[in-house]
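Step one of this worksheet: look at the structure below.
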């Protein structure tokens, strides 16, 4: 392999994971950020995110002198052959991607261009960003050095990012020249043999289209789950039956409280904005987003229907992160559900093994927090399952029943078998499956 000098600008989830894995493949990588505190922490081995295996892999490559961290972005750009832009593109108030940080990085690259370089956008960006970056670099480059633009979107799942980078299903590379494509393709040879060669614009759209399609599968099965509840069907069996069709596949067909995280909500909104900008009314995507929002409302509705009123009740919420094995609470269902419970007069106790500090930044004192799952459940009127952590899956149901004031669980992840919950004497309300009733628990009409 031809070792490359790579600068990765942005040490968030995408930049840090990508840069570390490029270093693991043998390249010389400098990960840069304007956040001095973040870089200082990284130099001390303190990760800005929780991701299984990341801390160990970072340390290994730092010790091998293949990976370094710096706030000197100008120097990193000048020393690099390939510059990756991996800064945040948060959702703006209008729903479109905010490209402020991408533009700032492009200006810095232009000012420090000292020879041919490949400029790669790793951030999730709308169609046309490649041309925008190219234009900015040209405008800020005093010596008019040549460069090429590449779009190389990421498709990582939080909680499995290292494994999925080192063993990619595919790499998408949209380049402005064959030379640039060849350089970036060479970087990906250790990770995958499946590479999609395309234009910059197509690569930019592939990322949004992929996430929007997966979001659509989730909202579709959640709508089917809502029908199942009305007709007495079991969504888990419906999902199994349709998922075995090779044209459909079983992934992303698990009914629940809806999608969250940093990608699906932001990217579906951004794609909707892109469609509006080009004059297309993307009604399907609007419905996907509406269904997802509704799933969170339904958790509260089910709880209210079961208890009659939430005023004066204490509710335990299991899970704050949007999924297990991450501390990411961006657009997490719990971040929406807990304030709604509070608005209806409930006191909330919340459990999470990893994401408490991140959740506090958004929820403040709207609930009490604990990483002790049984202490969270103790003396509450009902338990709501939001995140399918292993600690939740492994609950001692006999102990849970003893700790609850009444044996009522609303499960947003369908973690437990219905017959099992019936035998343990729970009132158990899940998603798209028949409710289990305990005669000693007051339950009104379950929506």
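Residue numbers (my numbering): 477 to 923.
The beta carbon of each residue, even a glycine, is placed where N, CA and C say it ideally should be.
Local conformation of residue i per DSSP, three classes
i, result
"residue 504", "strand"
"residue 624", "strand"
"residue 632", "coil"
"residue 611", "helix"
"residue 672", "strand"
"residue 765", "helix"
"residue 903", "strand"
"residue 653", "coil"
"residue 522", "coil"
"residue 925", "A query on residue 925 cannot be resolved here, the shown segment of the chain reaching from 477 to 923 and no further."
"residue 596", "strand"
"residue 791", "strand"
"residue 577", "helix"
"residue 775", "helix"
"residue 485", "strand"
"residue 846", "strand"
"residue 479", "coil"
"residue 897", "helix"
"residue 827", "strand"
"residue 585", "helix"
"residue 567", "strand"
"residue 601", "coil"
"residue 491", "helix"
"residue 496", "helix"
"residue 810", "helix"
"residue 733", "coil"
"residue 782", "helix"
"residue 870", "coil"
"residue 528", "coil"
"residue 679", "helix"
"residue 728", "coil"
Paired residues, beta bridge with residue i - DSSP
i, result
"residue 887", "861"
"residue 545", "507"
"residue 553", "In DSSP, residue 553 forms no bridge with anything."
"residue 560", "484 and 596"
"residue 912", "904"
"residue 648", "672"
Spatially closest choice to residue i from the options, by CA coordinates
i, options, result
"residue 532", "505, 631 and 638", "638"
"residue 801", "645, 636, 489 and 595", "636"
"residue 852", "840, 867 and 838", "867"
"residue 537", "505, 558, 566 and 568", "505"
"residue 643", "509, 899, 786 and 501", "501"
"residue 535", "549, 550 and 517", "517"
"residue 688", "594, 584, 740 and 510", "740"
"residue 511", "487, 861, 669 and 794", "487"
"residue 503", "838, 662, 566 and 654", "662"
"residue 670", "648, 681 and 496", "648"
"residue 590", "556, 598 and 579", "556"
"residue 489", "664, 803 and 820", "803"
"residue 621", "600, 595 and 602", "595"
"residue 787", "772, 751, 821 and 738", "821"
"residue 837", "679, 508 and 807", "807"
"residue 483", "912, 553, 893 and 571", "553"
"residue 598", "541, 611 and 679", "679"
Check whether residue i and residue j have beta carbons under 9 Å apart
i, j, result
"residue 631", "residue 686", "yes"
"residue 891", "residue 864", "yes"
"residue 616", "residue 587", "yes"
"residue 492", "residue 525", "yes"
"residue 859", "residue 832", "no"
"residue 582", "residue 613", "yes"
"residue 674", "residue 494", "no"
"residue 659", "residue 480", "yes"
"residue 628", "residue 604", "no"
"residue 957", "residue 781", "Missing from the structure shown is residue 957; the chain here goes from 477 to 923 and no further."
"residue 742", "residue 634", "no"
"residue 672", "residue 646", "yes"
"residue 606", "residue 677", "yes"
"residue 619", "residue 652", "no"
"residue 876", "residue 850", "yes"
"residue 905", "residue 856", "no"
"residue 507", "residue 496", "yes"
"residue 835", "residue 797", "yes"
"residue 889", "residue 862", "yes"
"residue 601", "residue 570", "no"
Residue i beta carbon near the ligand PLP (any heavy atom closer than 8 Å)
i, result
"residue 498", "The ligand PLP is not part of the structure shown, which contains no ligands of any sort."
- request: Kindly confirm or deny that the region 574-593 and the region 528-546 touch, where touching means at least three C-beta pairs closer than 8 Å.
  value: no
query: Given 8 Å as the limit, is there contact between the region 725-733 and the region 694-704, that is, 3 or more CB pairs closer than that?
result: yes
message: Three or more C-beta pairs under 8 Å: does that hold for the region 808-816 against the region 873-882?
response: no
message: Does the structure place the region 752-772 close enough to the region 819-836 that three or more beta carbon pairs sit under 8 Å?
response: no
query: Pairing CB atoms from the region 709-719 with CB atoms from the region 761-773, are three or more of them under 8 Å?
result: no
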